[in-house]
Amino acid sequence: MTLSANDQMQSADEYRRLIIAYQNGAPVRLGDVATVEQGAENSWLGAWANQAPAIVMNVQRQPGANIIATADSIRQMLPQLTESLPKSVKVTVLSDRTTNIRASVRDTQFELMLAIALVVMIIYLFLRNIPATIIPGVAVPLSLIGTFAVMVFLDFSINNLTLMALTIATGFVVDDAIVVIENISRYIEKGEKPLAAALKGAGEIGFTIISLTFSLIAVLIPLLFMGDIVGRLFREFAVTLAVAILISAVVSLTLTPMMCARMLSQQSLRKQNRFSRACERMFDRVIASYGRGLAKVLNHPWLTLSVAFATLLLSVMLWIVIPKGFFPVQDNGIIQGTLQAPQSSSYASMAQRQRQVAERILQDPAVQSLTTFVGVDGANPTLNSARLQINLKPLDARDDRVQQVISRLQTAVATIPGVALYLQPTQDLTIDTQVSRTQYQFTLQATTLDALSHWVPKLQNALQSLPQLSEVSSDWQDRGLAAWVNVDRDSASRLGISMADVDNALYNAFGQRLISTIYTQANQYRVVLEHNTASTPGLAALETIRLTSRDGGTVPLSAIARIEQRFAPLSINHLDQFPVTTFSFNVPEGYSLGDAVQVILDTEKTLALPADITTQFQGSTLAFQAALGSTVWLIVAAVVAMYIVLGVLYESFIHPITILSTLPTAGVGALLALIIAGSELDIIAIIGIILLIGIVKKNAIMMIDFALAAEREQGMSPRDAIFQACLLRFRPILMTTLAALLGALPLMLSTGVGAELRRPLGIAMVGGLLVSQVLTLFTTPVIYLLFDRLSLYVKSRFPHHKEEA
Numbered sequence: 103m104t105l106s107a108n109d110q111m112q113s114a115d116e117y118r119r120l121i122i123a124y125q126n127g128a129p130v131r132l133g134d135v136a137t138v139e140q141g142a143e144n145s146w147l148g149a150w151a152n153q154a155p156a157i158v159m160n161v162q163r164q165p166g167a168n169i170i171a172t173a174d175s176i177r178q179m180l181p182q183l184t185e186s187l188p189k190s191v192k193v194t195v196l197s198d199r200t201t202n203i204r205a206s207v208r209d210t211q212f213e214l215m216l217a218i219a220l221v222v223m224i225i226y227l228f229l230r231n232i233p234a235t236i237i238p239g240v241a242v243p244l245s246l247i248g249t250f251a252v253m254v255f256l257d258f259s260i261n262n263l264t265l266m267a268l269t270i271a272t273g274f275v276v277d278d279a280i281v282v283i284e285n286i287s288r289y290i291e292k293g294e295k296p297l298a299a300a301l302k303g304a305g306e307i308g309f310t311i312i313s314l315t316f317s318l319i320a321v322l323i324p325l326l327f328m329g330d331i332v333g334r335l336f337r338e339f340a341v342t343l344a345v346a347i348l349i350s351a352v353v354s355l356t357l358t359p360m361m362c363a364r365m366l367s368q369q370s371l372r373k374q375n376r377f378s379r380a381c382e383r384m385f386d387r388v389i390a391s392y393g394r395g396l397a398k399v400l401n402h403p404w405l406t407l408s409v410a411f412a413t414l415l416l417s418v419m420l421w422i423v424i425p426k427g428f429f430p431v432q433d434n435g436i437i438q439g440t441l442q443a444p445q446s447s448s449y450a451s452m453a454q455r456q457r458q459v460a461e462r463i464l465q466d467p468a469v470q471s472l473t474t475f476v477g478v479d480g481a482n483p484t485l486n487s488a489r490l491q492i493n494l495k496p497l498d499a500r501d502d503r504v505q506q507v508i509s510r511l512q513t514a515v516a517t518i519p520g521v522a523l524y525l526q527p528t529q530d531l532t533i534d535t536q537v538s539r540t541q542y543q544f545t546l547q548a549t550t551l552d553a554l555s556h557w558v559p560k561l562q563n564a565l566q567s568l569p570q571l572s573e574v575s576s577d578w579q580d581r582g583l584a585a586w587v588n589v590d591r592d593s594a595s596r597l598g599i600s601m602a603d604v605d606n607a608l609y610n611a612f613g614q615r616l617i618s619t620i621y622t623q624a625n626q627y628r629v630v631l632e633h634n635t636a637s638t639p640g641l642a643a644l645e646t647i648r649l650t651s652r653d654g655g656t657v658p659l660s661a662i663a664r665i666e667q668r669f670a671p672l673s674i675n676h677l678d679q680f681p682v683t684t685f686s687f688n689v690p691e692g693y694s695l696g697d698a699v700q701v702i703l704d705t706e707k708t709l710a711l712p713a714d715i716t717t718q719f720q721g722s723t724l725a726f727q728a729a730l731g732s733t734v735w736l737i738v739a740a741v742v743a744m745y746i747v748l749g750v751l752y753e754s755f756i757h758p759i760t761i762l763s764t765l766p767t768a769g770v771g772a773l774l775a776l777i778i779a780g781s782e783l784d785i786i787a788i789i790g791i792i793l794l795i796g797i798v799k800k801n802a803i804m805m806i807d808f809a810l811a812a813e814r815e816q817g818m819s820p821r822d823a824i825f826q827a828c829l830l831r832f833r834p835i836l837m838t839t840l841a842a843l844l845g846a847l848p849l850m851l852s853t854g855v856g857a858e859l860r861r862p863l864g865i866a867m868v869g870g871l872l873v874s875q876v877l878t879l880f881t882t883p884v885i886y887l888l889f890d891r892l893s894l895y896v897k898s899r900f901p902h903h904k905e906e907a
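If you want my numbering, it's the position in the sequence shown, counting the first as 1, plus 102.
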């Protein structure tokens, strides 16, 4: 036999019938003196999906989990999960970031295929032969397939950064094959048999291929050792690109000569149609014009050197004046916002304002759905603020980009009295660790609250007047309403009321005290006690609080206490145990993050902040400062790494300098292209410039290798050797440059989802390749001869000195 008793109440109705006292012999039930109802556990928290009350659930993947697979699994589970819910409950997916991720990956894949098609097209344009086009074309899929295998082994994922690396690699991986096949084709056209030509041509060009490959990989080494979050983001990019380049070199030195020996012949190379003959005549005229121009340049070396030196100065000047940023602002279709109201706002008034704002936002044609949240939690520190997430329609289903939508929404909400709306687009690449009203933040810290309250308004007013900043605000709120209960301890003591009694009475009324829990088979329901403030709002509610005296009677709180209304901080934040406030700001159009950081630092100096006041940038702004400080050293490290590799390969101190002299031209081209395109010098563009350091030196390597071979094997003078090398290597130089340029062109012209992240890389590379291609064809021979004369001069002055070249 099982014994049980009805010792638990299971519903609000049972609590309502609960007898709590007897009056004149009649029972007094809880429902007679209180309102007992089923409701929300916390009545000061609320969420809305569009304009309907909702429970909003955010699902985040575990670190290392694949976000696409996770989202697909959740969608497959939803029908099963919703079967057990009541019919009145509707489960809707409001936001799915994988939609934009899939679209971005699709766009990048398209750009990758377009880059492959453009590269193959340029190969055919120069070689004008189907077998000769197929041979270097094979290097692209083989290199990419091999790279995918290494990515799987290293547990890399297919994402925007790795796909960008593969797209850029498309122009790189054919370079080695182009150089090899062009040299082999030249010997076959001279009458040698294909096998002998393949062995001779590959052997002659092998050292050049090794120099090109390892010097380019050397440029990527500093990226692997970048610190902080930026380094971790681009480590996969650098490794993916390096692996693709290394595999392409192996393919070019093994498979390419074999295919040339089997697929090329004098007949196939000499067989030409009308288009081929026209292209051949055009190339011959271009080479002849280049030869005449090069002869004139070699006759006026100091003028050419002046141009090279001016290029160096111009690159430094452009580096100083170009606007600098961190990451490009992306349009991934999600806007996060903060709604700010007066500090005295209640939950009810915030909920009302939220409904007004939601109505305006949902009227915008670009908005697909809206989620809002009102109440205090870990991400929302005060009751007078609300959070919003606006989900936009797909990019191809709306006319405006995210920044135009934000401007339109802020204009629509500006007419609602008593609210300020802060909006910012969410970013795929972000390092911010806290929810903020705007994209950028910095903190002001003091030793005391008085010092903080004194300097926050001064600094905020000064920053709000600067045109380089917009939407400047701070989380310092010291005008919140507070009720001060000043208890007369003597009067309370005479009545037998202790301070603990006062605290308990106030907590019972306003603290949402948990007094019991209802247990059911499936759930637990907390029973919460609170004061009904609907009939007596404001401070009058305190006057109705009754306290039990020593003799068992009740006295009002006002009998022993004086109630005052004061101003008090809504919240006090601390950093390292000291009070701190966070300033938030955006950067308006026409200015860069670098401009904003500089004017903030200048303003601090102008205000002459005391020693006990410290400021520090946070989040993206702090990372930007660190990245800006290390960028120059990163580029220097790339140059030094390449110099060391080239020095080891050439066993010379001078020839690497000649090769590296091509770098300023790439810098000028990249920076000019960014300025013309209206782009900032951000992290993505800097990666492009670092890649350019490895690309543009290949022109000099091919020239110098052939010039040194002509001097050593044919006894030619340095001038004749470099002149002949420039003419012989003109076609492969032009082919490899155009291949790299066309590999980056789809990135520069991209307009799809995530294009903002890819475009600066393409702009920097295309601009740098165009300018460097034109200038280095003339400056490199002159600098080569200059260092040759310098070497002879040193040997004449120091007979025992031996320059190993």
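Here a beta-carbon is modelled for each residue, glycine too, at the ideal position from N, C-alpha and C.
From a predicted model like this one, the values you see are computed outputs, not experimental measurements.
Beta-carbon proximity list for residue i, same chain, < 7 Å, skipping 5 on both sides
{"i": "residue 119", "result": "131 and 133"}
{"i": "residue 947", "result": "What the structure shows of the chain is the stretch from 103 to 907, and residue 947 is not part of that stretch, so it cannot be assessed."}
{"i": "residue 788", "result": "733"}
{"i": "residue 444", "result": "486 and 520"}
{"i": "residue 345", "result": "249 and 252"}
Residue closest to residue i, alpha-carbon to alpha-carbon, out of the options
{"i": "residue 197", "options": "805, 109 and 493", "result": "493"}
{"i": "residue 723", "options": "324, 420 and 543", "result": "543"}
{"i": "residue 581", "options": "613, 623, 673 and 504", "result": "673"}
{"i": "residue 165", "options": "257, 211 and 341", "result": "257"}
{"i": "residue 851", "options": "732, 663 and 863", "result": "863"}
{"i": "residue 703", "options": "107, 565 and 202", "result": "565"}
{"i": "residue 305", "options": "263, 317, 359 and 338", "result": "359"}
Per DSSP, the bridge partner or partners of residue i
{"i": "residue 648", "result": "658"}
{"i": "residue 588", "result": "664"}
{"i": "residue 125", "result": "128"}
{"i": "residue 444", "result": "Note: residue 444 sits in no beta bridge, so no partner."}
{"i": "residue 627", "result": "620"}
{"i": "residue 542", "result": "687"}
{"i": "residue 469", "result": "494"}
{"i": "residue 982", "result": "Since the displayed the chain opens at 103 and closes at 907, residue 982 lies outside it and no answer follows."}
{"i": "residue 726", "result": "Beta-bridge pairing links residue 726 to no other residue."}
{"i": "residue 426", "result": "783"}
Proximity below 8 Å, CB of residue i to CB of residue j
{"i": "residue 834", "j": "residue 804", "result": "yes"}
{"i": "residue 247", "j": "residue 207", "result": "no"}
{"i": "residue 784", "j": "residue 428", "result": "yes"}
{"i": "residue 410", "j": "residue 885", "result": "yes"}
{"i": "residue 743", "j": "residue 324", "result": "yes"}
{"i": "residue 523", "j": "residue 685", "result": "no"}
{"i": "residue 809", "j": "residue 827", "result": "yes"}
{"i": "residue 845", "j": "residue 273", "result": "yes"}
{"i": "residue 468", "j": "residue 495", "result": "yes"}
Contact set for residue i: own chain, Cβ-Cβ below 6 Å, skip 5 residues either direction
{"i": "residue 586", "result": "666 and 668"}
{"i": "residue 617", "result": "629 and 631"}
{"i": "residue 504", "result": "433 and 527"}
{"i": "residue 111", "result": "117"}
{"i": "residue 109", "result": "none"}
{"i": "residue 446", "result": "583"}
Element boundaries [beta strand (DSSP E), containing residue i]
{"i": "residue 676", "result": "675–677"}
{"i": "residue 908", "result": "Examination of residue 908 is not possible in this model, given that the chain is present from 103 through 907 alone."}
{"i": "residue 120", "result": "Where residue 120 is concerned, there is no enclosing beta strand (DSSP E), given that its DSSP letter is neither H nor E."}
{"i": "residue 574", "result": "572–576"}
Close-in-space but distant-in-sequence residues of the same chain around residue i (CB under 8 Å, 5 per side omitted)
{"i": "residue 569", "result": "690 and 693"}
{"i": "residue 216", "result": "848"}
Where the alpha helix (DSSP H) through residue i begins and ends
{"i": "residue 533", "result": "No alpha helix (DSSP H) holds residue 533; DSSP gives it neither H nor E."}
{"i": "residue 153", "result": "Where residue 153 is concerned, there is no enclosing alpha helix (DSSP H), given that its DSSP letter is neither H nor E."}
{"i": "residue 175", "result": "169–184"}
{"i": "residue 515", "result": "504–515"}
{"i": "residue 408", "result": "403–423"}
Residue-chain proximity (residue i, chain B), Cβ-Cβ < 8 Å
{"i": "residue 265", "result": "The displayed structure is made up of one protein chain only, and chain B is not part of it."}
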